[in-house]
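Residue numbers (the working numbering): 592 to 907.
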């Protein structure tokens with residue numbers, strides 16, 4: 592009895608396997624590689640779907656894992672050996688680096704997945720690697736360094752140079768450390784004046800390339816300070832429009848000879864004495880409209896920005 596049951600199961604599995612083998616869709620090519628493309632362009636490609644089985648196949652629909660990619664079929668019913676064209680459109684948008692999307696063709700013989708690969712660059716004649724650099728977390732005033740590679744892709748006979756590298760805000764020093772042919776290795780170093788906080792810094796390289804004279808990329812920095820604020824973030828009590836609301840806090844770890852200077856763009860921040868653990872301060876905000884208001888409390892050591900802390904207020 593057990594042997595008969597095993598034989599029936601094997602026969603059923605074999606029949607299912609044979610049926611799948613007789614009706615299947617093959618994509619040619621199996622992977623679409625669009626190569627290097629610039630941002631905010633639409634790239635079109637074509638794939639041929641072939642019914643390599645012995646039975647007719649119905650194609651139900653075509654889906655993609657991102658709205659930036661879509662596929663359009665030539666026909667939805669394929670007899671044995673028949674083929675149809677799948678037209679694919681991919682938007683590069685503002686992506687950077689290598690991007691892979693999946694186009695899924697749903698058929699009566701199972702799903703067919705066609706990966707679509709593209710390397711997106713914001714510049715026609717420059718490649719930036721990495722396109723987004725994150726420096727290692729560091730303490731304020733301590734060194735943090737990194738490197739970005741700029742490769743010129745033009746075929747001009749003349750020499751192309753990277754003239755200068757600047758940052759905005761001016762918290763990162765940048766310069767060409769070495770060069771190998773058309774590749775420039777740009778060394779980056781966090782400046783001591785960089786305040787504590789999480790910062791996105793825009794780097795701009797000025798070049799002699801006539802087509803892309805300016806190449807920009809971003810650097811992210813996470814900087815800590817011996818100075819901290821309690822509580823953090825500073826969440827104020829729910830306020831009323833047109834009425835002042837206040838919150839008290841403490842500044843911990845301050846070792847300056849003179850008190851810090853506090854700055855709040857929409858409100859006031861004042862040192863009011865000594866608290867239980869550090870310098871006591873008070874912030875006051877009068878909301879002008881209902882809703883959420885988030886701003887930064889900036890703490891200065893002389894003219895240098897020491898620390899930025901989020902101040903959050905909801906008004907009714």
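Quick reminder that beta carbons are idealized off the backbone N, C-alpha and C, glycines included.
Checklist entry - Counting pairs of Cβ atoms below 8 Å between the segment 780-792 and the segment 808-822, do you hit three or more? => result By the Cβ criterion, the segment 780-792 is in contact with the segment 808-822, since at least three pairs of Cβ atoms, one from each stretch, lie closer than 8 Å.
Checklist entry - If we ignore side chains and look at the alpha-carbon of each, how far apart do residue 797 and residue 740 end up? => result Locating residue 797 in the chain shown gives position 206, counting from the first residue. Locating residue 740 in the chain shown gives position 149, counting from the first residue. A direct Cα-Cα distance of roughly 14 Å separates residue 797 from residue 740.
Item to check | Alpha-carbon spacing of residue 858 relative to residue 832, whole angstroms | outcome: In the chain shown, residue 858 corresponds to position 267, counting from 1. In the chain shown, residue 832 corresponds to position 241, counting from 1. Looking at the two C-alpha atoms, the distance is approximately 14 Å.
Next on the checklist: residue 753 and residue 775 - do their beta-carbons sit closer together than 7 Å?
Outcome noted: Your numbering for residue 775 matches position 184 in the chain shown. Your numbering for residue 753 matches position 162 in the chain shown. Result yes, Cβ atoms of residue 775 and residue 753 sit closer than 7 Å.
Item to check | residue 716 beta carbon less than 7 Å from that of residue 800 | outcome: Counted from its first residue, the chain shown places residue 800 at position 209. Counted from its first residue, the chain shown places residue 716 at position 125. Yes, the Cβ-Cβ distance between residue 800 and residue 716 is below 7 Å.
Item to check | Cβ-based burial, residue 735 [other Cβ within 10 Å; buried from 16] | outcome: Working through the chain shown from its first residue, we reach residue 735 at position 144. So residue 735 counts as buried.
Checklist entry - Under 7 Å, do residue 616 and residue 648 count as touching if we go by C-beta distance? => result In the chain shown, counting from the first residue as 1, residue 616 sits at position 25. In the chain shown, counting from the first residue as 1, residue 648 sits at position 57. In contact: residue 616 and residue 648 (Cβ atoms closer than 7 Å).
Checklist entry - With respect to the beta strand (DSSP E) encompassing residue 770, which residues constitute its N-terminal and C-terminal limits? => result Taking the chain shown and counting its residues from 1, the one referred to as residue 770 is at position 179. It spans 763-771 - the beta strand (DSSP E) in which residue 770 sits, taken as one unbroken run.
Checklist entry - residue 667: which of 660, 675 and 661 sits nearest, CA to CA? => result Indexing the chain shown from 1 puts residue 667 at position 76. When only C-alpha atoms are compared, the closest one is 675.
Next on the checklist: Below 8 Å on the Cβ atoms is my contact criterion, and I expect residue 821 with residue 843 to pass it. Report the Cβ-Cβ distance as a whole number of Å.
Outcome noted: As a first step, residue 821 must be located in the chain shown, where it is residue number 230. As a first step, residue 843 must be located in the chain shown, where it is residue number 252. Indeed they touch by this definition, with Cβ atoms about 6 Å apart.
Checklist entry - In whole angstroms, what is the alpha-carbon distance linking residue 828 and residue 838? => result Numbered from its first residue, the chain shown carries residue 828 at position 237. Numbered from its first residue, the chain shown carries residue 838 at position 247. Using only the alpha carbons, I get a separation of about 7 Å.
Next on the checklist: If you follow the beta strand (DSSP E) that residue 649 is in, where does it begin and where does it stop?
Outcome noted: The residue given as residue 649 occupies position 58 in the chain shown. Run containing residue 649: 648-655, per the beta strand (DSSP E) assignment.
Checklist entry - By a C-beta neighbour count over all protein chains shown, 10 Å radius and 16 as the cutoff for buried, is residue 757 buried or exposed? => result Along the chain shown, read from residue 1 onward, the residue named residue 757 stands at position 166. So residue 757 ends up on the exposed side.
Item to check | residue 891 in three-state terms, based on DSSP | outcome: One-based indexing of the chain shown puts residue 891 at position 300. If DSSP states are grouped into helix, strand and coil, residue 891 belongs with the strands.
Checklist entry - Helix, strand or coil for residue 726 per DSSP? => result Translated into the one-based positions of the chain shown, residue 726 becomes position 135. Residue 726 carries a coil assignment under DSSP once its states are collapsed to helix, strand and coil.
Item to check | Residues that DSSP places opposite residue 706 in a beta bridge | outcome: What you label residue 706 is simply residue 115 of the chain shown in a count that begins at 1. Looking at the DSSP assignment, residue 706 forms a beta bridge with 693.
Next on the checklist: Just to confirm my understanding: we take residue 605, look at its own chain, exclude 5 residues before and 5 after, and list those with CB closer than 7 Å. What are they?
Outcome noted: As a working mapping, residue 605 is identified with position 14 in the chain shown. Because residue 605 carries a pLDDT of 38, less than 50, the predicted location of this residue cannot be relied on, and the following value inherits that uncertainty. Cβ within range, chain order: n/a, list empty.
Checklist entry - What separation, rounded to the nearest whole angstrom, lies between the Cα atoms of residue 714 and residue 840? => result Residue 714 sits at position 123 when you count from the first residue of the chain shown. Residue 840 sits at position 249 when you count from the first residue of the chain shown. Taking the straight line joining both Cα atoms gives about 47 Å.
Checklist entry - Which same chain residues, not among the five before or five after residue 614, have their C-beta less than 6 Å away from its C-beta? => result Numbered from 1 along the chain shown, position 23 holds the residue referred to as residue 614. No answer about residue 614 holds up, because its pLDDT of 47 lies below 50 and its placement is not dependable.
Checklist entry - To the nearest whole angstrom, what separates the beta carbons of residue 871 and residue 864, a pair I think is in contact under 8 Å? => result By 1-based counting over the chain shown, the position of residue 871 is 280. By 1-based counting over the chain shown, the position of residue 864 is 273. Confirmed, Cβ separation roughly 5 Å.
Next on the checklist: Just to confirm before moving on: does the CB-CB distance between residue 787 and residue 814 stay below 7 Å?
Outcome noted: As a position in the chain shown, residue 787 is number 196, starting the count at 1. As a position in the chain shown, residue 814 is number 223, starting the count at 1. Taking 7 Å as the Cβ cut-off, residue 787 and residue 814 qualify as a contacting pair.
Checklist entry - Less than 7 Å separating the beta-carbons of residue 628 and residue 634? => result Walking along the chain shown from the start, residue 628 turns up at place 37. Walking along the chain shown from the start, residue 634 turns up at place 43. Their beta carbons are under 7 Å apart, which means residue 628 touches residue 634 by this criterion.
Checklist entry - Is the distance from the Cβ of residue 678 to the Cβ of residue 732 below 7 Å? => result Along the chain shown, read from residue 1 onward, the residue named residue 678 stands at position 87. Along the chain shown, read from residue 1 onward, the residue named residue 732 stands at position 141. Annotated as distal: residue 678 and residue 732, with beta-carbon spacing of 7 Å or more.
Checklist entry - In chain order, what residues of the same chain lie with their CB nearer than 7 Å to the CB of residue 672, ignoring the 5 residues before and after it? => result In the chain shown, counting from the first residue as 1, residue 672 sits at position 81. The beta carbon of residue 672 sits closer than 7 Å to the beta carbons of 642 from its chain, once the five residues preceding and following it are set aside; these are given in chain order.
Checklist entry - Quick one: what's got a C-beta closer than 6 Å to residue 887's C-beta in the same chain, skipping five residues either side? => result For this step, residue 887 is matched to residue 296 along the chain shown. Same-chain partners within the cutoff: 899.
Checklist entry - What does a CB cutoff of less than 8 Å around residue 897 pick up in its chain, not counting 5 residues either side in sequence? => result Sequence index remark: in the chain shown, residue 897 carries index 306 (1-based). These residues qualify, in order along the chain: 731, 786, 787, 816, 818, 851, 890 and 891.
Next on the checklist: The beta strand (DSSP E) that contains residue 685, what's its start and end?
Outcome noted: Counting from 1 along the chain shown, the entry for residue 685 is found at position 94. Per DSSP, residue 685 belongs to no beta strand (DSSP E) and is neither H nor E.
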